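Last residue of the sequence shown? That's 460 in the UniProt record's numbering, and every number before it is there in order.
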Amino acid sequence: IFYLHVAPLHGSGQGGGAVVIMRDITERRNMEQMRSEFVANVSHELRTPLTSIRGFVETLLESGTDDPEMNKHFLEIIADETRRLSNLVEELLNLSKIEERRVVHRWRQVTIGELMDRALAVCGERAEAKQIAVKANIPARLPPFYGDPDMLAQVLINLMDNAIKYTPAGGSVTVSTSLYGDELRLDVVDTGAGIAAESLPRIFERFYRVEKARSREWGGTGLGLAIVKHIIKGHGGRIEVKSAVGKGTTFSVFLPMDSPENS
Ligand code: ADP
198 IFYLHVAPLH
208 GSGQGGGAVV
218 IMRDITERRN
228 MEQMRSEFVA
238 NVSHELRTPL
248 TSIRGFVETL
258 LESGTDDPEM
268 NKHFLEIIAD
278 ETRRLSNLVE
288 ELLNLSKIEE
298 RRVVHRWRQV
308 TIGELMDRAL
318 AVCGERAEAK
328 QIAVKANIPA
338 RLPPFYGDPD
348 MLAQVLINLM
358 DNAIKYTPAG
368 GSVTVSTSLY
378 GDELRLDVVD
388 TGAGIAAESL
398 PRIFERFYRV
408 EKARSREWGG
418 TGLGLAIVKH
428 IIKGHGGRIE
438 VKSAVGKGTT
448 FSVFLPMDSP
458 ENS
């Protein structure tokens with residue numbers, strides 16, 4: 198039906214309509230392509246742990262081993278893979294809820310302090326175990342800002358979790374906030390592995406991981422930053438990243454102080 202409306206581009210008046218329709222078709226195609234890539238990625242991500250679980254369960258069922266240590270080792274792998282599978286499904290559900298805006302944003306006044314407390318409750322232990330110093334650089338007096346506290350805590354958790362995950366033991370993670378024009382700026386700075394320039398534009402894509410095998414070892418799903426991006430977009434903000442390989446990475450989140458939902 199769309200094709201029937203395509204008018205000659207050099208015609209007067211109708212031309213603009215044709216351009217819009219063409220763009221509509223292209224956007225639909227892009228969406229379809231993205232969707233089918235997504236389904237292919239999800240299937241792959243789900244199949245890998247399932248194949249491994251099935252392999253170890255079958256080995257244990259068929260022969261078992263006389264070695265209780267070995268049996269325990271196999272069961273631990275099964276437990277790990279099952280955990281990874283549940284994390285993945287959990288994050289997929291989160292992402293699709295956010296993308297479809299089915300999550301009703303609970304807009305209210307938020308403080309960086311409360312977001313930080315929540316993020317530390319989740320990430321603090323891991324940082325400690327890796328002997329990574331977590332520092333907070335938060336001015337005492339920041340004007341109030343508005344947003345969905347659960348969603349914004351998720352942003353900080355995902356960024357801090359990555360910073361801790363991709364920083365070797367003994368490094369540091371610093372969270373700073375400041376006012377940047379009429380925006381609130383939140384930086385998460387780490388002294389970790391860094392990200393190569395050619396990978397930077399892709400890290401917010403779903404399932405994109407710089408080093409697939411190593412990221413898996415570190416327990417990543419490749420969905421964390423996609424979730425971050427969508428939440429920030431939902432708040433009318435933006436995110437930037439700067440990185441130097443071997444030195445560290447800085448993620449900077451900019452949020453409007455006065456959200457559109459609030460005015
Ligand atoms: P994952 O679950 O794999 O961490 P993310 O979407 O959170 O997925 O991140 C995508 C990829 O970006 C990661 O696999 C990692 O390669 C890279 N990355 C993200 N944050 C950092 C960081 N702070 N330092 C180095 N690399 C990072």
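Glycine included, C-beta positions come from ideal geometry on N, C-alpha and C. Fair warning: this is a prediction, and the values are worked out from it, not measured in the lab.
Asked: Host alpha helix (DSSP H) of Phe271 (start-end); Found: 265-296
Asked: Extent of the continuous alpha helix (DSSP H) run through Arg315; Found: 309-326
Asked: Residue burial classification, Leu376 (beta-carbon count within 10 angstroms, cutoff 16); Found: exposed
Asked: Minimum C-alpha distance to Ile329 - residue among Pro365, Leu285, Val385; Found: Pro365
Asked: Top-ranked residue by Cα proximity to Ser293, from Gly431, Ala441, Ile424; Found: Ile424
Asked: Whole-angstrom distance between Glu259 and Val442, CA atom to CA atom; Found: 47 Å
Asked: Of the listed residues Gly367, Gly417, Gly344, nearest to Leu381 (C-alpha basis); Found: Gly344
Asked: 7 Å CB neighbourhood of Gly368 in its chain, flanking five on each side removed; Found: Ile329, Asp387, Thr388, Gly389
Asked: Proximity winner among Pro453, Thr446, Thr418, Leu420, relative to Lys430 (alpha-carbon distances); Found: Pro453
Asked: Neighbour-count burial assignment, Gly378, 16 or more Cβ in a 10 Å radius; Found: exposed
Asked: Tyr363: CB within 6 Å of a non-hydrogen atom of the ligand ADP; Found: yes
Asked: Three-state secondary structure (DSSP) of Ile392; Found: coil
Asked: Beta-carbon proximity of Ile295 to Arg323, cut-off 7 Å; Found: no
Asked: Same chain, Cβ closer than 8 Å to Leu285, neighbours up to 5 away in sequence not counted; Found: Glu242, Leu243, Pro246, Thr418, Leu420
Asked: Residues of its chain near Ile392, where Cβ-Cβ distance is below 8 Å and the 5 sequence neighbours each way are ignored; Found: Ile400, Val407, Val438, Ser440, Val442, Thr446
Asked: Rounded separation between Ile198 and Glu297 - CA only; Found: Caution applies to Ile198, whose pLDDT of 30 falls short of 50 and renders its modelled position unreliable; the value that the coordinates give is listed next. Going by the C-alpha atoms only, they are around 27 Å apart.
Asked: Closest residue to Leu356 among Leu339, Leu383, Asn334 (Cα-Cα distance); Found: Leu383
Asked: Distance between Phe404 and residue 191 (C-alpha atoms, nearest Å); Found: Residue coverage of the chain in this structure runs from 198 to 460, which leaves residue 191 outside it and unanswerable.
Asked: Exposed unless 16 or more other CB atoms sit within 10 angstroms - verdict on His270; Found: exposed
Asked: Cβ-based burial, Leu290 [other Cβ within 10 Å; buried from 16]; Found: exposed
Asked: Residues near Pro341 in its chain [Cβ-Cβ closer than 7 Å; skip 5 each side]; Found: Gln306
Asked: Nearest-angstrom Cβ-Cβ length linking Val372 and Val385, presumed shorter than 8 Å; Found: 6 Å
Asked: Check: Asn334 C-beta below 6 Å from any heavy atom of the ligand ADP; Found: no
Asked: Unbroken beta strand (DSSP E) run spanning Leu381, endpoints; Found: 380-387
Asked: Closer than 7 Å to chain C by CB, Val236; Found: Of the protein chains in the structure, only one exists, and it is not chain C.
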